[in-house]
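Protein chains in written order, with my numbering: chain S, 2 to 111; chain Y, 44 to 380. For reference, the structure discussed in these notes is given below.
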Amino acid sequence: MCGLCGLLGVVHWTETSAHADAFTGDRRRTIRGERLHRTKIVNAALAPLRMRLSDFQASNYILSSPTGRREIVDDIGAVWGAVERLRGRPLDPLDPGWCDAIAEQAERSS
Amino acid sequence: MIPVHVVTGFLGSGKTTLLREVLARPDFADTAVIVNEFGEVGLDHVLLEEVEEGVLLLESGCICCTIRSDLQETIRDLQARAAKGAIPRFNRLIVETTGLADPAPIVSTVVAEPVIRNHFRIGNIICTVDGIAGAATLEAQPEAKKQVSIADRILITKTDLIQPAAAIALASRLSALNALADIGRSDGRDFDADLLFGVELGDPGRREAEVARWLAGAAAHGDHDHSADAHSFVLSYDRPIDWIAFGIWLTALLHAHGERILRVKGLLELRESETPVVIHGVQHVVHPPLHLARWPTEERGSKIVFITRGVEETAVRQSLDRFLELAAVADAPADAA
């Protein structure tokens with residue numbers, strides 16, 4: 002990505018560093034810390050699907066499927082479409098099966 | 044940032060009358076208007092042209108996905124001409140939709156387009172509802188229901204032609220569809236223009252009042268008529284929640300169910316901020332988070348209000364709970380260290 006594209010790029014609403022005026026005090030994470038925290042949570046949620054998200058140069062994310070297929074995405078909003086494409090079917094956060102699997106994942110990790 | 048207000052409402056519900064009245068007021072002299080020609084509604088242009096110089100007419104069709112680029116170009120052109128001095132500078136833009144249009148794509152046009160989003164922000168979505176025919180229209184026309192459900196303000200028009208009891212019954216039906224919107228009444232001339240176009244989340248000085256208003260609306264109507272086509276519910280948390288986990292969850296939810304989640308508005312107590320943060324969105328589009336200097340009431344904690352079509356509260360609550368639990372797990376190793 003060139004510098005100009007970066008300047009004109011669309012900032013995702015979830016990124017606290019891009020909306021520093023909305024988050025006051027010293028509790029906000031650093032850019033790297035925020036992205037690390039985000040990938041940890043997404044990976045815990047995607048663990049039941051054996052998919053994995055990794056940060057790429059603090060500018061993009063790379064999503065990997067269990068079979069080794071990969072897709073690069075710009076932000077968290079684009080992750081879910083990529084999950085669908087690599088998985089071959091939609092993913093529903095309201096699916097009780099996935100929610101139960103996430104709860105089990107949280108219990109195992111705690 | 045110039046606010047873009049969207050005036051929507053079914054055919055014949057009084058959008059043009061509202062605009063004509065508003066544009067005639069001195070306070071609104073710095074307003075640019077974009078109207079849309081669609082069949083007989085082309086008459087709108089004739090009426091508006093007489094009262095406002097900055098009127099632009101889109102070439103054809105409906106303001107929805109198919110001609111969204113027209114709207115983009117029109118807004119950009121307006122902004123460029125004002126910057127060059129070719130037209131007077133304006134401090135407010137109103138987009139009037141056709142009676143059949145879905146207002147949501149207009150919101151996404153303003154929010155997603157890189158140039159527009161740096162000069163404009165979404166203001167209020169104002170929906171006019173015909174006091175005489177509105178109830179029947181809501182029953183027969185899904186477009187009308189959606190327009191009402193998405194709105195920030197609802198204006199019942201032609202109230203001088205209906206009985207007070209009929210206006211009350213219609214307001215009750217509208218509240219069931221949209222608990223968050225203020226419902227005003229108009230006889231064509233007498234309405235609160237400041238409430239429609241002045242009080243909005245984008246104005247930091249009036250944000251607190253707006254948040255307090257929709258929290259009160261949600262509290263009053265949150266458990267209303269779940270059998271309705273659209274209904275609202277509130278998720279509450281009395282402890283600070285993790286913004287990152289919340290954002291992950293909401294993006295996943297809107298990706299899967301954005302078509303059925305008509306509005307989401309939230310006042311959040313976050314681990315990442317000492318002051319409250321406000322979020323609001325329309326279907327797949329979520330606006331940038333907003334700072335609130337102080338809590339609008341004594342009560343602390345997060346309240347997230349949803350207006351949905353057929354998405355169940357229990358499932359949404361359980362899903363968010365699971366994602367928030369993951370945040371604690373993700374933080375655990377760092378805390379231990």
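Glycine is no exception: its CB is placed at the ideal position from the N, C-alpha and C atoms.
Check: Rounded straight-line distance, which links the Cα of A75 of chain Y to that of E95 of chain Y; Outcome: Any reading at E95 of chain Y must be qualified, since the residue scores a pLDDT of 34, below 50, and its modelled position is unreliable; no value is offered.
Check: Helix, strand or coil at L238 of chain Y according to DSSP, with G and I counted as helix; Outcome: helix
Check: Buried or exposed by the 16-neighbour rule on C-beta atoms within 10 Å, applied to G225 of chain Y; Outcome: Correcting the residue identity first, residue 225 of chain Y is Asp in this sequence and not Gly. It is buried - the Cβ of D225 of chain Y has at least 16 other Cβ atoms within 10 Å.
Check: Where S66 of chain S meets chain Y, residues with beta-carbon distance less than 8 Å; Outcome: Ordered by position in chain Y, no residue passes the 8 Å Cβ test against S66 of chain S, which lies about 17 Å from the chain.
Check: Inter-residue Cα distance where the pair is A373 of chain Y and S279 of chain Y; Outcome: 23 Å
Check: Residues within the region 90 to 109 of chain S neighbouring chain Y, beta-carbon criterion of under 8 Å; Outcome: P91, L92, D93, P94, L95, P97, C100, I103, A104, Q106 and A107
Check: Spatial distance of S362 of chain Y from D76 of chain S (CA atoms); Outcome: 21 Å
Check: Inter-residue Cα distance where the pair is Q184 of chain Y and A273 of chain Y; Outcome: 13 Å
Check: Interface flag, R29 of chain S vs chain Y, CB-CB below 9 Å; Outcome: yes
Check: R51 of chain S, buried or exposed, once every other Cβ within 10 Å from all chains shown has been counted against 16; Outcome: exposed
Check: Residue from Y:F133, Y:E139 and Y:A123 with nearest C-alpha to L61 of chain Y; Outcome: Y:E139
Check: Completely contained beta strand (DSSP E) runs for the region 253 to 308 of chain Y, where each covers 3 or more residues; Outcome: 274 to 280
Check: Own chain residues within Cβ distance below 8 Å of A262 of chain Y, not counting five before or after; Outcome: V277
Check: Same chain only: Cβ atoms within 6 Å of L55 of chain S, ignoring 5 sequence neighbours per side; Outcome: This sequence places Ser at residue 55 of chain S; Leu is not what is there. Closer than 6 Å at the Cβ level, and outside the excluded window around S55 of chain S, lie I63.
Check: Contacting residues, own chain, Cβ-Cβ under 7 Å from I205 of chain Y (five flanking each side not counted); Outcome: G174 and I175
Check: The region 214 to 224 of chain Y touching the region 194 to 201 of chain Y, judged by at least three CB pairs closer than 8 Å; Outcome: yes
Check: Distance CB(S55 of chain Y)-CB(T15 of chain S) smaller than 9 Å; Outcome: It is worth fixing the name first, because residue 55 of chain Y is Gly in this sequence and not Ser. Not closer than 9 Å, so no.
Check: Collapsed DSSP secondary structure at S33 of chain Y in the structure displayed; Outcome: One cannot answer for residue 33 of chain Y here, as it falls past the ends of chain Y, which runs 44 to 380.
Check: The region 14 to 31 of chain S touching the region 327 to 336 of chain Y, judged by at least three CB pairs closer than 8 Å; Outcome: yes
Check: A75 of chain Y in three-state terms, based on DSSP; Outcome: strand
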